[in-house]
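**Student:**
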Amino acid sequence: MHQPGPHAEPNRRTIAPVRRHCGAILHNLQAGLLVGAVLLAWVSAARAFDATLDSGDAKLHVYVEDARFELPYGRIVAWVQRSSDVVSDYFGGFPVEEAYVAVTGQPGKGVMNGIALGSGEAVVNVKLGLDTDERDLSNDWVLVHELIHLAFPKVHTRHHWAEEGLAVYVESVARVQAGMIDAETLWMHFVDGMPNGLPQEGDRGLDNTPTWGRTYWGGALFYLLADIEIIRRTGGDKTLKNGLRAIVGEGYSIRDSLEIRHIYRIADRATGVPVLLETYESMADHPASVDLVLLWRRLGVERTVSGVVFHENAEWAGVRTKISAGKNAKNMAKFSKNTISISQRRRNLVMGNDGDRIERAVAIYPGTR
Ligand SMILES: [Zn+2]
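According to our numbering, the residues represented by the sequence shown are 9 to 377, in order.
The following block contains the structure:
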């Protein structure tokens, strides 16, 4: 049984096969079958309900399956709108001119699963629990994660960490910047999650170690380090966001296939510092371990039993603020940090079919699912 949570069985987690909770890239048969399922869902969904939303300058065509959702369709569509707007705000516009979002139902509660596709049209499909309530939707990160995939071109399979890490990292940062979560939640999430991304024995660098931990959290750590370095070298003038906006600004998206160095070169040009390329060269083929204890200390983040506290006199406190400065979080109260309820929920959830997926959701936002 998988033991979820950042502190449990780190070794087992990192040697586990890659769990593709979403398929930004289709490299194998499994993914091919998934496309079939998506298209099938599409056909049935198309009959049920559709809406066209504006986000940035983009059109989003939303299909909601005619399933027995507890929530009215309008609330589901509003959630798609909200999630899209978070992504548009971060990238300075929605990453593609036109996208299709299909929401299909399945038994359960919460946002179960998602996939982003870019072969042809930009498509995101999410599976939504029939018993999902408004609170689940306000706490959801899955749809934002999938929509962020639309902003990054397809790369070779060995760089899958670059796609997933980006979605993991930017999803958190974009939501805090949009005021959907608070800075404490973001840093607690990073302090708890990033150890999963550290190299284990035998690691051969991000490009050659396709474990779950290295793909999702190793990738997220890559972008966190890059973001910090960009902010430091530019004196806070630029962030990773400026680089990522440039990629989208040049018209690239999940619909394109690009060489990874080419993508990072575009971003580096925009920030004026070659941080992404340098970070890539240092982490792609080498374990490049990171002293996370030192990193959190420099950023002035201290993990406590119930959350984190910030130290404003820390060396890089200003960098931390730059990353997680957001609008006033209105939903703060919704993020309970009660660890007792987390363990209870974990026990219940990992028994389900979507154990892996839900497990991660619980690990990321404790107490909310
Ligand atoms: Zn993903």
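C-beta: ideal position from N, C-alpha, C; glycine also.
Starting from G113, follow the alpha helix (DSSP H) in both directions and report where the run begins and ends.
**Tutor:** Unbroken run through G113 is the beta strand (DSSP E), E106 to Q114; no alpha helix (DSSP H).
**Student:** I'd like to check one pair, W324 with G302: are the Cβ atoms closer than 8 angstroms?
**Tutor:** As written in the sequence, residue 302 is Leu, which differs from the Gly given in the question. No, Cβ-Cβ distance for L302 and W324 is not below 8 angstroms.
**Student:** Alpha carbon to alpha carbon, what distance is there between L248 and R263?
**Tutor:** Cα to Cα, R263 sits roughly 22 angstroms from L248.
**Student:** CB-CB under 8 angstroms to S63, same chain, minus the five flanking residues each way: which ones, in chain order?
**Tutor:** Around S63: Q89, S92, D93, V95, S96 and F102.
**Student:** Considering R90, what are the terminal residues of the alpha helix (DSSP H) in which it resides?
**Tutor:** Its alpha helix (DSSP H) spans residues Y81 to F99.
**Student:** Find out if the Cβ-Cβ distance for the pair L61, V70 is shorter than 8 angstroms.
**Tutor:** Closer than 8 angstroms, so yes.
**Student:** Does DSSP put N147 in a helix, in a strand, or in coil?
**Tutor:** Of the three classes helix, strand and coil, the one that applies to N147 here is helix, per DSSP.
**Student:** Which of the three DSSP states, helix, strand or coil, is assigned to S297?
**Tutor:** Note: S297 maps to coil in three-state DSSP.
**Student:** Please work out which residues of its chain come closer than 7 angstroms, Cβ to Cβ, to K117, disregarding the five sequence neighbours upstream and downstream, and give them in chain order.
**Tutor:** These residues qualify, in order along the chain: G137, D139, T140 and D144.
**Student:** Hey, would you say the C-beta of A175 is under 7 angstroms away from at least one heavy atom of ligand 1?
**Tutor:** Checking the Cβ of A175 against ligand 1 gives yes.
**Student:** Nearest-angstrom Cα distance between L284 and L194?
**Tutor:** Distance between the alpha carbons of L284 and L194 is about 22 angstroms.
**Student:** For ligand 1, is there any heavy atom lying closer than 7 angstroms to the beta carbon of H197?
**Tutor:** Not so, every heavy atom of ligand 1 lies at least 7 angstroms from the Cβ.
**Student:** Tell me which same chain residues have a C-beta within less than 7 angstroms of the C-beta of A186, skipping the five on either side of it?
**Tutor:** Within the same chain, A186 has close Cβ partners V94, D97, G334 and K335.
**Student:** DSSP state of F198, grouped into three classes?
**Tutor:** The answer is helix: DSSP assigns F198 an H, G or I state.
**Student:** Do E179 and W220 have their C-beta atoms closer together than 8 angstroms?
**Tutor:** The answer is no: Cβ separation not under 8 angstroms.
**Student:** Can you find a heavy atom of ligand 1 that lies under 7 angstroms from the Cβ of H167?
**Tutor:** Not under cutoff, so the answer is no.
**Student:** Quick one: what's got a C-beta closer than 6 angstroms to P207's C-beta in the same chain, skipping five residues either side?
**Tutor:** Taken in chain order, the residues that qualify are P295 and S297.
**Student:** Residue ranges of each beta strand (DSSP E) run of no fewer than 3 residues wholly in the region 304-336, ordered along the chain?
**Tutor:** List check, beta strand (DSSP E) in window: 309-311 and 316-318.
**Student:** Please state whether DSSP places M120 in a helix, a strand or coil.
**Tutor:** Strand at M120.
**Student:** Buried or exposed: E171, going by 16 or more other Cβ atoms within 10 Å of its Cβ?
**Tutor:** Buried, since its Cβ has 16 or more Cβ neighbours within 10 Å.
**Student:** Under the three-state reduction of DSSP, which class applies to V181: helix, strand or coil?
**Tutor:** Helix, per DSSP.
**Student:** Report the CB separation of A278 from G251 in whole angstroms; it is logged as a contact under 8 angstroms.
**Tutor:** About 5 angstroms separates the two Cβ atoms, so the contact holds.
**Student:** Counting C-beta neighbours from all protein chains within 10 Å, is the total for T217 16 or more, i.e. buried, or is it exposed?
**Tutor:** T217 should be labelled buried.
**Student:** Can you say whether R365 is buried or exposed, counting buried as having 16 or more other CB atoms within 10 angstroms of its CB?
**Tutor:** With a pLDDT of 31 at R365, under the threshold of 50, the modelled position of that residue is not reliable, and no figure is offered here.
**Student:** Specify the secondary structure class of L68 as computed by DSSP and reduced to three states.
**Tutor:** Strand, per DSSP.
**Student:** Measuring CA to CA, which of G205, H153, V85 and E73 is closest to L300?
**Tutor:** For the residues G205, H153, V85 and E73, the minimum Cα distance to L300 belongs to G205.
**Student:** Near I268, what residues of its chain come up, given a Cβ to Cβ distance below 8 angstroms and the 5 sequence neighbours on each side ignored?
**Tutor:** The answer, listed in chain order, is V163, H164, H167, A170 and Y288.
**Student:** Taking 8 angstroms as the cut-off, decide whether the C-beta atoms of A75 and G100 are in contact.
**Tutor:** Not closer than 8 angstroms, so no.
**Student:** Determine the closest residue to S265 out of L125, K67, A110 and M120, with distance taken between C-alpha atoms.
**Tutor:** With distances taken between Cα atoms, S265 lies closest to L125.
**Student:** Could you give the C-beta distance for V85 and A66, rounded to a whole number, given that I count them as a contact under 8 angstroms?
**Tutor:** Not confirmed; about 15 angstroms, so no contact.
**Student:** Using only the heavy atoms of ligand 1, determine whether one of them is closer than 7 angstroms to the beta carbon of H69.
**Tutor:** The answer is no for H69.
**Student:** Within a Cβ cutoff of 6 angstroms, which residues of the same chain sit near V104, ignoring the five residues on either side of it in sequence?
**Tutor:** If we look at V104 and ignore the five residues flanking it on each side, its Cβ neighbours are A130, L158 and S261.
**Student:** Taking Cβ to Cβ, would you say I156 is nearer than 8 angstroms to A175?
**Tutor:** It is a contact, given that the beta carbons lie within the stated cut-off.
**Student:** Suppose contacts are defined by Cβ-Cβ distances below 8 angstroms. Is A322 in contact with R305 by that definition?
**Tutor:** Yes; because the gap between Cβ atoms is below 8 angstroms, this pair is in contact.
**Student:** Consult DSSP for T287 and reduce its assignment to one of helix, strand or coil.
**Tutor:** Here T287 sits in helix by DSSP.
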